[in-house]
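This report refers to the structure that appears directly beneath it.
In this note's numbering, the protein residues as written are 2 to 71.
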């Protein structure tokens, strides 16, 4: 009863919205992963500073070296 041409645009719209939602979810997961990684590295840096380690020189060197690799 539900088969035929009348159903086609609806299923296409559903598939499109599902694809859109999946892409949005993937972006959200990647962003959350990136945020978690940044948070961990920040915590590590704070711990190094608290331990009395020098952090200024390595981070400056890393920041200078990054544009050359791209």
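For every residue, glycine included, the Cβ atom is placed at its ideal position computed from N, Cα and C. Since this is a predicted model, take the numbers as computed values, not measurements.
Could you give the distance in angstroms between the alpha-carbon of residue i and the alpha-carbon of residue j?
i, j, result
"residue 45", "residue 15", "45 Å"
"residue 52", "residue 42", "15 Å"
"residue 19", "residue 12", "10 Å"
"residue 25", "residue 31", "10 Å"
"residue 22", "residue 38", "24 Å"
"residue 17", "residue 28", "17 Å"
"residue 10", "residue 33", "34 Å"
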